[in-house]
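A.B. asks: Dropping a structure here in structure tokens format, bear with me for questions.
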Amino acid sequence: MSETISRQHIKLPEGSIEKTTTTLNLGPTHPATHGVFQNILELDGERIVNAEQTVGYIHRAFEKLAERRPLYQITTLTDRLNYCSSPINNMGWHLTCEKLLGVKTPKRVDYLRVIIMELSRISDHLICNSILGVDSGAFTGFLYVMQYRELIYEIYEEVCGSRLTTNMGRIGGFERNFTNTAFEKLEKFLKEYPDVLREFENLFTRNRIFMERTIGTGPISAERALNYGFTGPNLRAAGVDYDVRVHTPYSSYQDFDFEIPVGKTGDTYDRYLVRNQEMWQSLSIIEQAYKKVQEFKGAEAEVYHADAPEYYLPPKQDVYTKMEALIWHFKIVMGETEIPPGEVYHSVEGANGELGFYLISDGGRTPYRLHFRRPCFIYYQAFSEMTKGSMISDAILVMSSMNLIAGEMDA
Amino acid sequence: MSLTNETIKTRLIEKFGDQVSHFEEPYGLLTFEAPKEMNLKVMQFLYDDPELRFLFLTDLTAVNYPDKQGRELAVVYHLHNLADNIRIRFKVFTDINTPEIFTATQLYASANWMERETFDFFGVKFVGHPNLKRILNVDEMTYHPLLKQYPLEDQTRIDKDDAMFGR
Chain L
-2 MSETISRQHI KLPEGSIEKT TTTLNLGPTH PATHGVFQNI LELDGERIVN
48 AEQTVGYIHR AFEKLAERRP LYQITTLTDR LNYCSSPINN MGWHLTCEKL
98 LGVKTPKRVD YLRVIIMELS RISDHLICNS ILGVDSGAFT GFLYVMQYRE
148 LIYEIYEEVC GSRLTTNMGR IGGFERNFTN TAFEKLEKFL KEYPDVLREF
198 ENLFTRNRIF MERTIGTGPI SAERALNYGF TGPNLRAAGV DYDVRVHTPY
248 SSYQDFDFEI PVGKTGDTYD RYLVRNQEMW QSLSIIEQAY KKVQEFKGAE
298 AEVYHADAPE YYLPPKQDVY TKMEALIWHF KIVMGETEIP PGEVYHSVEG
348 ANGELGFYLI SDGGRTPYRL HFRRPCFIYY QAFSEMTKGS MISDAILVMS
398 SMNLIAGEMD A
Chain E
2 MSLTNETIKT RLIEKFGDQV SHFEEPYGLL TFEAPKEMNL KVMQFLYDDP
52 ELRFLFLTDL TAVNYPDKQG RELAVVYHLH NLADNIRIRF KVFTDINTPE
102 IFTATQLYAS ANWMERETFD FFGVKFVGHP NLKRILNVDE MTYHPLLKQY
152 PLEDQTRIDK DDAMFGR
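Chains as they are written, first to last, in our numbering: chain L, -2 to 408; chain E, 2 to 168.
See the structure below:
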């Protein structure tokens, strides 16, 4: 306490103030927190002495609900974890199921999935970085890139019919083949987006105000970041090149050539740079994947799901007209298919870190237990350590640069 | 990639003898079990050993098995060695009446909230935890909702007149 008193600049008359620190509730519905978070800050002037986070405002008991739902109904729950990149969650869940059930997906499905997953990574990073700009006072970048997120959402819409909570795909692949419009939109995106991203970087990367606000704000060392369970861009900004896509490749990520960008100091600026670099890498992965998809010829070019009738929901028109499809549909929906008992942990590189699914099946129609490893729930606890001693306005930047998503944190 | 499941298993058995048991490899992930008094010792060994170096706690959660007498709760740790890129799963069983387990917060700072979550949903008391209170549920809650003894609401109930949600 003596230290806090000595840092005070204004000499107050004796006895005029009882407390030397102020308590401030930042949130739960503060517009700058971009979600339902509460931070109880203990302040000395504008400097943060201590911060305590309260989470759970939008807890929806997904893990309990999942114990009553068949595998397909859980996909809708995963949508609502990190809702800025729901397709990654959907596919992570389907990949977990495929691992448990032993379904092998064809290469074309893997590549199509990679395209969608990288698109959603771009849209997620885009939001995170542009919101970081908004929080530091630069609104233009945000408005400018929004239309390209819109284009990504249009591609989702073309592929699965919805935009934000996508509920995309099936166990074993997609519910329908990509239409020509989807590929046209993808081509448009690949053609136009590099310029946009370059423009976006021009607005921020060497911007004097932005740099001064973000360099050295909320740093974390590699060692502490690992100890705190950081994953994803936040860990890489601290200098650890851990990426699930490279370490335990899923969905044929081993077929692609890409780099893992890393930072050095783990501060807000490094997190921003890593995210931007990752968008370039994602773009190059999408290009490679699209090229590979175009190489399929003949019957192979029409493949969009695995041949696993016992788990893959048949198309609706077949259900109405074909006996076999009707039987499989009935069996899947009523939970009559064989689900092997077993324990499986599968993780994917979500947009903000390692998104893991720990699934225990006892052979029944629903999981016995399902646990989501939500990356931002785990790394948010480092927030008070990262902001201790900094200003309130810096804490806001640290928060938005960590890419915290309330829906994911509270599950 | 020098470290293999086999090496980890041998090293663990060398150190702890038959106290570590139930070695399995479901889907290639080495899974084993230790008595609950030993959980911190085993983790400390996995953390400190120059060959093993499991420095990263990926996940911590619990599972409820109401039918297993004396082993109703399993606390499950997923550890990851990032250098050799190998994961292990480590389980500790406890009975539901004395669900006391040593905390891993001294080793892994990330365990703090994960243990609070596990306490919140399963009532596992982590001995030595700096701030063991509910995290996602309201503080006033008197039970631990993910235990199997609390079923979800019966979907066919008709006694509820809820104009807002149409039931």
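Backbone N, C-alpha and C fix where the C-beta goes; we use that ideal spot for every residue, glycine too.
Quantities reported herein were computed from a predicted structural model and do not represent experimental measurements.
Taking C-beta pairs closer than 7 Å, name the residues in chain E that H91/L reaches, listed in chain order.
C.D. replies: By Cβ distance, chain E contributes nothing, its closest Cβ being about 16 Å from H91/L, past 7 Å.
A.B. asks: Any contact of the region 44 to 59 of chain L with the region 124 to 144 of chain E, i.e. 3+ C-beta pairs under 8 Å?
C.D. replies: Touching, yes, given that three or more Cβ pairs across the two stretches are closer than 8 Å.
A.B. asks: Have a look at G170/L and E299/L and give me their C-alpha separation to the nearest angstrom.
C.D. replies: When rounded, the distance between both Cα atoms is 12 Å.
A.B. asks: Where does E7/E fall in DSSP's three states?
C.D. replies: The answer is helix: DSSP assigns E7/E an H, G or I state.
A.B. asks: Would D76/L pass as a contact of N164/L if the rule is Cβ separation under 7 Å?
C.D. replies: Contact flag set, yes.
A.B. asks: Tell me the rounded alpha-carbon separation between C81/L and L13/E.
C.D. replies: Between C81/L and L13/E, the C-alpha separation is close to 42 Å.
A.B. asks: Pick helix, strand or coil for Q35/L, following the three-state DSSP scheme.
C.D. replies: Here Q35/L sits in strand by DSSP.
A.B. asks: Is it true that the CB of I89/E sits closer than 7 Å to the CB of L31/E?
C.D. replies: Taking 7 Å as the Cβ cut-off, L31/E and I89/E qualify as a contacting pair.
A.B. asks: What does D240/L touch in chain E if you count any residue whose Cβ is under 7 Å from its own?
C.D. replies: The premise fails here: D240/L is roughly 11 Å from chain E at the closest Cβ pair, so nothing lies under 7 Å.
A.B. asks: Looking only at C-alpha atoms, which of H27/L, P67/L, K185/L, E275/L sits nearest to D240/L?
C.D. replies: Comparing Cα-Cα distances from D240/L to each of H27/L, P67/L, K185/L, E275/L, the minimum goes to E275/L.
A.B. asks: Measuring alpha carbon to alpha carbon, tell me which residue in T30/L, E335/L, E49/L is nearest A38/L.
C.D. replies: According to the sequence provided, residue 38/L is Leu. The question's Ala does not apply to it. For the residues T30/L, E335/L, E49/L, the minimum Cα distance to L38/L belongs to E49/L.
A.B. asks: If you scan the region 165 to 242 of chain L from start to end, which runs of the alpha helix (DSSP H) of 4 or more residues do you find wholly inside it?
C.D. replies: The qualifying runs are 177 to 201, 205 to 211, 219 to 224, 229 to 234.
A.B. asks: Let me know if H368/L comes out buried or exposed under the rule of 16 or more other beta-carbons within 10 Å of its beta-carbon.
C.D. replies: Buried is the call here.
A.B. asks: Does G339/L come within less than 7 Å of chain E when only Cβ atoms are used?
C.D. replies: Answer yes: the Cβ-Cβ gap between G339/L and chain E drops below 7 Å somewhere.
A.B. asks: At a CB distance below 9 Å, what residues from the region 345 to 356 of chain L approach chain E? Give them in sequence order.
C.D. replies: Going along the region 345 to 356 of chain L in chain order, one finds E351, G353, Y355 with a Cβ nearer than 9 Å to chain E.
A.B. asks: Could you give the DSSP three-state label for R158/E: helix, strand or coil?
C.D. replies: Coil at R158/E, not helix or strand.
A.B. asks: Note down the Cα distance separating A35/E from T95/E, rounded to an integer number of angstroms.
C.D. replies: Cα-Cα distance, rounded: 10 Å.
A.B. asks: Rounded C-beta distance between S120/L and R146/L? I'm assuming under 8 Å.
C.D. replies: At roughly 5 Å, the Cβ-Cβ gap stays under 8 Å, so S120/L and R146/L are in contact.
A.B. asks: When the Cα of L280/L is compared with those of E321/L, R44/L, E184/L, which residue comes out closest?
C.D. replies: It is E184/L.
A.B. asks: Quick check: R366/L and V64/E, are their CB atoms within less than 7 Å of each other?
C.D. replies: Yes.
A.B. asks: Name the residue from Q150/E, K149/E, F122/E whose alpha carbon lies nearest to the alpha carbon of V140/E.
C.D. replies: It is Asp, not Val, that sits at residue 140/E in the sequence shown. Nearest of Q150/E, K149/E, F122/E to D140/E, Cα basis: F122/E.
A.B. asks: On the three-state DSSP scale, how would you describe V46/L?
C.D. replies: Residue state, collapsed to three classes: strand.
A.B. asks: Along chain E, in chain order, which residues have C-beta atoms closer than 8 Å to that of I375/L?
C.D. replies: Going along chain E in sequence order, the residues near I375/L (Cβ under 8 Å) are S111, W114, M115.
A.B. asks: Applying a beta-carbon distance threshold of less than 8 Å, which residues of chain E neighbour D407/L?
C.D. replies: Simply L137.
A.B. asks: Are N349/L and G229/L touching if we call contact CB-CB under 7 Å?
C.D. replies: Taking 7 Å as the Cβ cut-off, N349/L and G229/L qualify as a contacting pair.
A.B. asks: Quick one: is R371/L near chain E, going by C-beta distance under 7 Å?
C.D. replies: Not closer than 7 Å to any Cβ of chain E, the Cβ of R371/L fails to qualify, so no.
A.B. asks: Residues in the same chain with beta-carbon distance under 7 Å from D132/L, minus the five sequence neighbours each way, listed in chain order, please.
C.D. replies: Closer than 7 Å at Cβ, skipping near neighbours: A29, I393, L394, S397.
A.B. asks: Just the Cα atoms here: how many angstroms apart are Y250/L and F175/L?
C.D. replies: Cα to Cα, the separation comes out at about 20 Å.
A.B. asks: Note down, in chain order, each residue of its chain lying with its Cβ closer than 7 Å to the Cβ of D304/L, except the 5 sequence neighbours on either side.
C.D. replies: Here the set comprises nothing.
A.B. asks: With a threshold of 16 other CB atoms inside 10 Å of the CB of Q421/L, please say whether the residue is buried or exposed.
C.D. replies: No answer is possible for residue 421/L: it lies beyond the span of chain L, which begins at -2 and ends at 408.
A.B. asks: Could you check whether I217/L and G263/L sit closer than 7 Å to each other, using their CB atoms as the reference points?
C.D. replies: Result yes, Cβ atoms of G263/L and I217/L sit closer than 7 Å.
A.B. asks: Can you tell me which of T26/L, Q35/L, E60/L, L21/L puts its alpha carbon nearest to the alpha carbon of G42/L?
C.D. replies: Among T26/L, Q35/L, E60/L, L21/L, the Cα nearest to that of G42/L is on L21/L.
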